[in-house]
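Quick note, the numbering used here runs 337 ahead of the 1-based positions in the sequence shown.
Each residue gets a CB set at the ideal place from its N, CA and C atoms; glycine is no exception.
Remember, predicted model here, so these are calculated numbers, not experimental data.
Inspection log for the structure reproduced underneath, given as structure tokens.
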Amino acid sequence: MNTLFQEIFGSKQKIKVIEFFLDADIIDFGATDVAEKIKVCNQTTYVIIKSFVKLNILQETRVLKGKQFYALNKISKTTKILKKVFTYISK
């Protein structure tokens with residue numbers, strides 16, 4: 338079942354990844370963890386995350402046991418706008 342955010346913007350993998358991070362905006366995650374939670378292939382999730390890093394929507398936070406973690410880039414204007422839209426729609 339799709340969320341309202343997915344109903345509006347589509348339920349493609351990119352939307353699932355960004356929605357995951359917008360919903361859990363105080364924690365960082367590894368790409369594999371995100372892939373498991375949203376049921377998207379690991380490689381696809383990794384590529385999407387890297388594209389959001391390049392757009393300054395996500396940022397690399399730490400490396401733990403060789404695993405890169407990512408979180409929302411809270412100082413990015415784009416991320417702030419996405420978060421406002423997500424919060425408004427999710428009410």
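Lys-411 to Glu-356 span [Cα, whole Å]: Each residue's Cα considered, the two are about 14 Å apart.
Assigned secondary structure, Ala-372 (DSSP; H/G/I helix, E/B strand, else coil): Secondary structure of Ala-372 (DSSP, three-state): helix.
Alpha-carbon to alpha-carbon, Ile-375 and Met-338: Rounded to the nearest whole angstrom, the C-alpha separation of Met-338 and Ile-375 is 12 Å.
Ile-394 beta carbon less than 7 Å from that of Thr-369: The answer is no: Cβ separation not under 7 Å.
Ser-427 versus Lys-351: straight-line alpha-carbon distance, rounded: When rounded, the distance between both Cα atoms is 18 Å.
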